[in-house]
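A.B. asks: Residue numbers for the sequence shown follow our numbering, so the first one is 50 and each next one is one higher. I have a structure here, written as structure tokens, and I will follow up with some questions on it.
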Amino acid sequence: MDRIKILIFFLCLTFLFSWGKRDPRSEENLKKRAEDYCKYINFLKFDKALNLWCKERRPATKEDKRRFIKEWRAERLSLPILKCKVESVRIKGDKGFVFSEERWETIFGKVRSKSRDMSIWVFEDNNWFIKEISPPIGENICVEPIIVYNIFIEDVTPESFTLSWETDEEAECEVEYTYYLPWKGYSDIGIKEFIHNSIKSRKHRMILKRIGRKDYAKIKIWARNGSRVCHSFEYELSKYKVDLEKILSSKDLPKRLE
């Protein structure tokens, strides 16, 4: 009887392990997708990578696509060999967060460029597709990631708006808020403020004043738990089509930045 129980136990473990491998939404599958994407870029198969991995970055017309691939090739050919190491993968709902180290090397193994990157992937059509790649992140940032997600703008008034977001664990947060003021009639000058919230929580809300140009600002959210620090992407309100005046006048639903 004991032998039968042990056999059933190992059969269950085998089933669970094989199911995790087959599950297209799993972290293992996302990690493999990210690694394969890197390999295709390394072999200069930009058109295939664009089609198979980059849903939202794919240009609308064939002419746009040809021009984009040509520019991409010209940019990447100056750094011959790309090597990627996926450090960690986290999944929240239909979004995946991939943290990786990238190194461009010569054929003799000399490192010409090295960076750590964060990318957001979306789960659609039963597979993972890359949505956005952040600028390089620092050496000691997001090493043990704290995920910042579900970022919304809501409660817009002429003087302020509310920013809400979640973290996958309890953390203190700080908003890096950049707004722009006219300067001598030639260009706008950027003013950067850090607005800190010392309350540890998973759900966060912060009211930000609308200062300077009403249609343009940048927002980055930092999360800290002890010595661990991580951040979200830097969101440009104009780039993400957050028309605060429209939200204010039509009382639309909160605008999601991700």
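Where a beta carbon is used, it is the ideal one built from N, C-alpha and C, also for glycine.
#1: CB-CB under 8 Å to residue 187, same chain, minus the five flanking residues each way: which ones, in chain order?
#2: Which residues bound the beta strand (DSSP E) around residue 146?
#3: For residue 228, which residues of its own chain have a beta-carbon under 6 Å away from its beta-carbon, when the five flanking residues on both sides are left out?
#4: At which residue ranges does the segment 221-251 contain complete beta strand (DSSP E) runs of 3 or more residues, listed in the order of the chain?
#5: DSSP has residue 201 in a bridge; who is on the other side?
#6: In whole angstroms, what is the alpha-carbon distance linking residue 281 and residue 140?
#7: For residue 203, collect the residues of the same chain with a Cβ closer than 6 Å to its Cβ; drop the 5 residues on either side in sequence, then sort them by chain order.
#8: Grouping DSSP H, G and I as helix and E and B as strand, with all else coil, what is residue 286?
#9: When the Cα atoms are used, what is the spatial distance from residue 306 to residue 196?
#10: Beta carbon of residue 136, beta carbon of residue 148: below 7 Å?
#11: Leaving aside the five residues before and after residue 191 along the sequence, list all residues of the same chain whose C-beta is less than 8 Å from its C-beta, in chain order.
#12: Sorted by chain position, which residues of the same chain lie with C-beta nearer than 8 Å to residue 103's C-beta, five sequence neighbours on each side aside?
#13: Exposed or buried, residue 73, counting other C-beta atoms within 10 Å across all chains shown (16 or more means buried)?
#14: Rounded to a whole number of angstroms, what is the C-alpha to C-alpha distance between residue 100 and residue 144?
#15: Measuring alpha carbon to alpha carbon, tell me which residue in 201, 184, 258 is nearest residue 208.
#16: What number of angstroms, rounded off, separates the C-alpha of residue 88 from the C-alpha of residue 268?
#17: Under DSSP, the beta strand (DSSP E) around residue 42 begins and ends at which residues?
#18: If you run the structure through DSSP and keep just helix, strand and coil, what is residue 189?
#19: If we count the other Cβ atoms within 10 Å of its Cβ and call it buried at 16 or more, is residue 230 buried or exposed?
C.D. replies: Per the coordinate set shown:
#1: Residue mapping note: residue 187 aligns to position 138 of the sequence shown, counting from 1. Around residue 187: 165.
#2: Taking the first residue of the sequence shown as position 1, residue 146 is located at position 97. Here the beta strand (DSSP E) through residue 146 covers 144-154.
#3: Within the sequence shown, residue 228 is the residue found at index 179, counting from 1. Contacts found: 240, 260, 261, 266.
#4: none
#5: By one-based count along the sequence shown, residue 201 stands at place 152. Paired residues: 213, 305.
#6: Start at 1 with the first residue of the sequence shown, and residue 281 comes out as number 232. Start at 1 with the first residue of the sequence shown, and residue 140 comes out as number 91. Between residue 281 and residue 140, the C-alpha separation is close to 15 Å.
#7: Stepping through the sequence shown from its first residue, residue 203 is reached at position 154. Once the five neighbours on either side are set aside, the close Cβ partners of residue 203 are 211, 303.
#8: Within the sequence shown, the letter at position 237 stands for residue 286. Three-state DSSP puts residue 286 in coil, outside helix and strand.
#9: For the purposes of this step, residue 306 is taken as the residue at position 257 of the sequence shown. For the purposes of this step, residue 196 is taken as the residue at position 147 of the sequence shown. When rounded, the distance between both Cα atoms is 15 Å.
#10: Position 87 of the sequence shown holds residue 136. Position 99 of the sequence shown holds residue 148. Their beta carbons are under 7 Å apart, which means residue 136 touches residue 148 by this criterion.
#11: In the sequence shown, residue 191 corresponds to position 142, counting from 1. Contacts found: 148, 165, 167, 278, 279, 280.
#12: If you number the sequence shown from 1, residue 103 lands on position 54. Result list for residue 103: 178, 179, in chain order.
#13: Numbered from its first residue, the sequence shown carries residue 73 at position 24. By the 10 Å Cβ count, residue 73 comes out exposed.
#14: Start at 1 with the first residue of the sequence shown, and residue 100 comes out as number 51. Start at 1 with the first residue of the sequence shown, and residue 144 comes out as number 95. Cα to Cα, residue 100 sits roughly 19 Å from residue 144.
#15: Within the sequence shown, numbered from 1, the residue matching residue 208 stands at position 159. It is 258 whose Cα lies nearest to the Cα of residue 208.
#16: Here residue 88 refers to the residue found at position 39 when the sequence shown is read from its first residue. Here residue 268 refers to the residue found at position 219 when the sequence shown is read from its first residue. Computed Cα separation, rounded: 32 Å.
#17: The structure shown has nothing for residue 42, since the chain only spans 50 to 307.
#18: Taking the sequence shown and counting its residues from 1, the one referred to as residue 189 is at position 140. Residue 189 falls in the coil class under three-state DSSP.
#19: If you number the sequence shown from 1, residue 230 lands on position 181. Classification of residue 230: exposed, given that the 10 Å Cβ count is below 16.
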